[in-house]
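J.:
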């Protein structure tokens, strides 16, 4: 049995034996057997990520309704103020900042499966509460609690996916997480403008209820967790189902050895600040996950309808918002196939340059518009820039920070480093989302996008001078890079 003090909040990355690698490389039919149950498990568990991601775009249409003078669509009985809108949007990422702080303990105590099922319950209760709410304070409380579910999900879901997958399909399995997130965002963008807040929120419960029942009844616990708590026979059965073969004893032994090795490592959270190379890894990861936020994705998605209306474009708001959501999904899918070909750093730079071009264009357009210049002939430009932004964001800076985060830390501090990075990321998201709406209403969108332009320039400099390329490098090679 693995040491009972093994940190379970660290993904255990196993290595295939030479024989199994050769079998896979040479096309052995045993190794090419169907993994339908593995992929089904990954898809089902990502119904949770789909649901939590819909909370970002829920505000896009909901805020338009609660700020309306039309009481037939405004459940609050009076228009919400810009400050109230800001808090409704920003309390979601603020709650998400708390989630990673509790995820580790829950994961160690309950296991991956029970933790995900446990956090789905308050999410469902909060969605029902919002359906019938007529007080903005209920929105505040519900959005904060659902944000905690979001942050906890971001900490646990990638861990579960890493532990059920194999080396040769880990990239594909992990990428389902990002695709599900963007599909969840697109979901609310599609249906939000077409229905009331009550119906929109009820429809958000559908994938969550599907997750609770299908995941709860049919999808197994992580085999790594089962081994760590001494349930070897159960872990053996789970591996046989996931791999679609009875020949999994070697993999079970590898999991056990990996857990025993991690238990022997003594590095802790304080070593992230004491050891120079670990501190450098933390700076890189924190910088990258915060780069994702200062690129502006969360406030842009949260206030997308309002931004599109402000462009003055003749293109319908509904069509514009849904094309932007669709481009997010397309960009993420493309990244799945090009990440290993071009590398993390190259895609980060490419994505950031595209975002910079978009932000500069939007800044200039809104400055001209707010200065009362005639921009009717170029009203298509900000919409095209938003489309370009969504595509470029998802071609690199959306997914690469999480890929680098999984590669940068040694196993014994992986969970601690990821929790710190995720916490700071959502704090940044909270501040940015809160400030964006206030600056929007007080000064105009030109100020919002000029600020984002400055941020993305800093991101470019950070990636170019600080972030190393980790494509094709082993953990030892990456640690050697950090020690230079």
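Residue numbers (the numbering used here): 471 to 954. For every residue, glycine included, the Cβ atom is placed at its ideal position computed from N, Cα and C.
1) Spatial neighbours of residue 536 within its chain, please: C-beta separation below 6 Å, excluding the five flanking residues on both sides.
2) Among the residues of its own chain, which have a CB less than 6 Å from the CB of residue 576, if the five just before and after it don't count?
3) Determine the direct distance from the alpha carbon of residue 519 to that of residue 513, and round the result to whole angstroms.
4) Just checking, does the region 888 to 901 make contact with the region 760 to 774 on the three C-beta pairs under 8 Å criterion?
5) Taking C-alpha atoms, which residue in 903, 889, 636 lies nearest to residue 770?
6) Please report the residue range of the alpha helix (DSSP H) in which residue 835 lies.
7) Looking only at its chain, what residues have a beta carbon closer than 6 Å to the beta carbon of residue 758, apart from the 5 residues adjacent to it on each side?
8) Rounded to whole angstroms, what is the Cα-Cα separation between residue 500 and residue 721?
9) Please classify residue 582 as buried or exposed, where buried requires at least 16 neighbouring CB atoms within 10 angstroms.
10) Using CA coordinates, which residue listed in 953, 833, 826 is at the minimum distance from residue 925?
11) Please look up how many angstroms separate the CB atoms of residue 649 and residue 799, rounded, as I've assumed it's under 8 Å.
12) Could you work out which residue in 526, 884, 782 is closest to residue 739 when comparing CA atoms only?
13) Which residues in the same chain have their Cβ closer than 6 Å to the Cβ of residue 635, if we skip the five residues on either side of it in sequence?
14) For the region 726 to 783, list the alpha helix (DSSP H) runs that are entirely contained and at least 4 residues long, ordered along the chain.
15) Determine the direct distance from the alpha carbon of residue 719 to that of residue 655, and round the result to whole angstroms.
16) To the nearest angstrom, how far is it from the Cα of residue 941 to the Cα of residue 711?
17) Under a Cβ-count criterion, where at least 16 other Cβ atoms within 10 Å of its own Cβ denotes burial, should residue 506 be classed as buried or exposed?
18) Can you name the start and end residues of the alpha helix (DSSP H) that residue 938 belongs to?
19) Rounding to the nearest angstrom, what Cα-Cα distance links residue 891 and residue 756 in this structure?
20) Near residue 856, what residues of its chain come up, given a Cβ to Cβ distance below 6 Å and the 5 sequence neighbours on each side ignored?
21) Could you name the residues of the same chain whose beta carbon sits closer than 6 Å to that of residue 782, not counting the 5 residues immediately before and after it, in chain order?
22) Beta-carbon separation of residue 919 and residue 858 under 8 Å?
23) Compare the beta carbon distance of residue 562 and residue 620 with 8 Å and say whether it is the shorter of the two.
24) Does the Cβ-Cβ distance between residue 860 and residue 797 come in under 8 Å?
25) Thinking just about the alpha-carbon of each residue, which of 907, 713, 938 is nearest to the one in residue 813?
26) Report the three-state DSSP secondary structure of residue 699 (helix, strand or coil).
27) With distances taken between CB atoms, is the gap from residue 590 to residue 681 smaller than 8 Å?
28) In angstroms with no decimal places, state the Cα-to-Cα distance between residue 936 and residue 839.
29) One question on the structure: do residue 907 and residue 552 come within less than 8 Å of each other, judged by their Cβ atoms?
30) Compare the C-alpha of residue 694 against each of 668, 723, 684, 671 and name the closest.
31) Please look up how many angstroms separate the CB atoms of residue 780 and residue 915, rounded, as I've assumed it's under 8 Å.
32) In this structure, how does DSSP classify residue 435 when only helix, strand and coil are distinguished?
33) Using the Cα positions of residue 745 and residue 790, report the straight-line distance between them to the nearest angstrom.
34) Could I get the ranges of all uninterrupted alpha helix (DSSP H) runs contained in the region 526 to 580, with 4 residues as the minimum, in chain order?
35) To the nearest angstrom, report how far apart residue 526 and residue 559 are at their CA atoms.
36) When we look at the beta-carbon of residue 676 and count the other beta-carbons within 10 Å, is it buried (16 or more) or exposed?
T.: Let's see:
1) 544, 546, 550
2) Within the same chain, residue 576 has close Cβ partners 585.
3) Counting only the Cα atoms, residue 519 lies some 10 Å from residue 513.
4) yes
5) The residue with the shortest Cα to Cα distance from residue 770 is 903.
6) 814 to 840
7) 871, 874
8) Confidence at residue 500 is low in this model, with a pLDDT of 45, below 50, so the placement of that residue should be treated as unreliable; the coordinate-derived value is given next. Going by the C-alpha atoms only, they are around 15 Å apart.
9) Burial call: buried.
10) 826
11) 7 Å
12) Selected option, being the one with the closest Cα: 884.
13) 643
14) Uninterrupted alpha helix (DSSP H) stretches at least 4 residues long and entirely within the region 726 to 783 occur at 741 to 744, 746 to 764, 767 to 772, 774 to 781, given in chain order.
15) 41 Å
16) 31 Å
17) With fewer than 16 Cβ atoms within 10 Å of its Cβ, residue 506 is classed as exposed.
18) That residue, residue 938, is in no alpha helix (DSSP H); it is neither H nor E in DSSP.
19) Cα to Cα, residue 891 sits roughly 5 Å from residue 756.
20) A distance below 6 Å between beta-carbons, with the five flanking residues on each side excluded, links residue 856 to the following residues of its chain, in chain order: 794.
21) 849
22) For residue 919 and residue 858, no; Cβs fall outside 8 Å.
23) Going by C-beta atoms, residue 562 is nearer than 8 Å to residue 620.
24) yes
25) 938
26) Looking at residue 699 - three-state DSSP - the assignment turns out to be coil, as it is neither helix nor strand.
27) In this structure, residue 681 lies closer than 8 Å to residue 590 by Cβ.
28) 38 Å
29) Result yes, Cβ atoms of residue 907 and residue 552 sit closer than 8 Å.
30) 723
31) 6 Å
32) This structure cannot settle anything about residue 435, because the visible part of the chain is limited to 471 through 954.
33) Using only the alpha carbons, I get a separation of about 48 Å.
34) 552 to 580
35) Cα to Cα, the separation comes out at about 8 Å.
36) Exposed, by the Cβ-count rule.
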